[in-house]
Amino acid sequence: MNDMNTSSGASPAFGAFAPTGLVATLIGWTRALPRTWLGKRIGFLLRRIAIALLRGGPVDLESLGAKFRLHPYNNVCEKRILFSPRDFDEAERELLISRLTPNFVFLDIGANIGGYSLAVAARAGSGARIVAFEPQPGIFERLIYNIRANPFGNVKAMALAVADRDGEITLFLDPNNKGEASVTIVSADEARQVKVPARMLLSIVRDEGFGHIDAMKLDVEGAEDLILRRYFADAPESLWPKLIIVERGEERWSGDLIGHLASLGYRSIGETRNNHILER
């Protein structure tokens, strides 16, 4: 499956930034720490030391079953994949993997640098189709690199925002966490704005020729209700996803999204720290 790439620059081959010496040791220690209060405090200290030693450079390593080039600065997603992959939505990832079929279709809306997409791709097989949506130009470049560093061939990246309308929208970027770009205003006073292309989900699904959707993950910092309400209003039931993982954003949604999904026949099968999980 081809990716959509807007980058023209070449990057060093994967492995050029493999961790060595003390940095490699610290990464190993943080990954092995117990999930206790003390373990978390020790991990926080070890991460700070490792990040200081990295001096702003990237890190190449395998995590979640895939190869990643990670920039663990101002992006919580990349920090977790590097130092504590168990804390990167482990229950959600395991659920997705347990539902894999030979022709699995997964839409990763708000893909960041590809954690979910590549974790699924690593286990899904060549018959799967995974589409990773990421509107932030800089983060999209990282996503593209990570996809190309792996041999899976079942992930397509799209550099756009999924929205409730087609056109161009303003994306607000949180400088403190690059994983928290939103079409709604973020809290940081210094938030930067960028114009990005946007498309409605149903038009993308139809253009891709999907006959079904097995799973959908949405992490779009408060725009989940806008996307899903429009999608379910227009899409035939044959294109309703069997499984939905949606970031918890009740305080930013315009209404009761979970209740709306329940009215469509979805039932909650779990809640985690970050997400609601629903199935139909």
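As numbered in this note's numbering, residues 3 to 282 make up the sequence shown, in order. Even for Gly, the Cβ is constructed at its ideal location relative to N, Cα and C.
GLY267 has its alpha-carbon roughly 14 angstroms from the corresponding atom of LEU230. Here THR22 is exposed. Its C-beta has fewer than 16 other C-beta atoms within 10 Å. Boundaries for PHE85: no beta strand (DSSP E) harbours it, while the alpha helix (DSSP H) harbouring it runs 78 to 85, taken from the DSSP string.
By the neighbour-count criterion, in which 16 or more other beta carbons inside 10 Å mark a residue as buried, GLN138 falls on the buried side. Assigned with DSSP and collapsed to three states, ARG167 falls in coil, not helix or strand. In the DSSP assignment, ILE206 is bridged to no other residue.
Taking each of ALA235, GLU94, SER13 in turn and checking the Cα distance to ILE271, the smallest one comes out for GLU94. The beta strand (DSSP E) runs of length 3 or more contained entirely in the region 8 to 76 are, from start to end of the chain, 61 to 65, 68 to 72.
The DSSP-derived three-state label of LEU173 is strand. ASN148: member of the alpha helix (DSSP H) spanning 139 to 150, first to last residue. When the beta-carbon positions are compared, LEU66 and GLY127 stay at least 8 angstroms from each other.
If you look at VAL122, you'll find it in the alpha helix (DSSP H) that goes 117 to 126.
In the DSSP secondary-structure assignment, SER270 is bridged to LEU280. Rounded to whole angstroms, the gap between the alpha carbons of ASN77 and ARG57 is 16 angstroms. ALA264: member of the alpha helix (DSSP H) spanning 259 to 265, first to last residue. The three-state secondary structure of PHE108, taken from DSSP, is strand. Inter-residue distance for ASP227 and PHE135 is about 17 angstroms (C-alpha atoms, whole angstroms).
Around the Cβ of TRP255, a 10 Å sphere holds 16 or more other Cβ atoms; the residue is buried. ILE246 is bridged by DSSP to MET218, LEU280. Taking 8 angstroms as the cut-off, the Cβ atoms of LEU245 and ARG101 count as close. One Cα belongs to LYS69, the other to ASP62, and the distance between them is close to 7 angstroms. When only Cα atoms are considered, PRO87 and MET160 end up about 25 angstroms apart. When the five nearest sequence neighbours on each side are left out, the beta carbons in the same chain lying within less than 7 angstroms of the beta carbon of ASN276 are those of ASP91, GLU249, ARG250, in order along the chain. Remark: three or more beta-carbon pairs, one from each stretch, lie closer than 8 angstroms, so the region 106 to 121 and the region 214 to 222 are flagged as touching.
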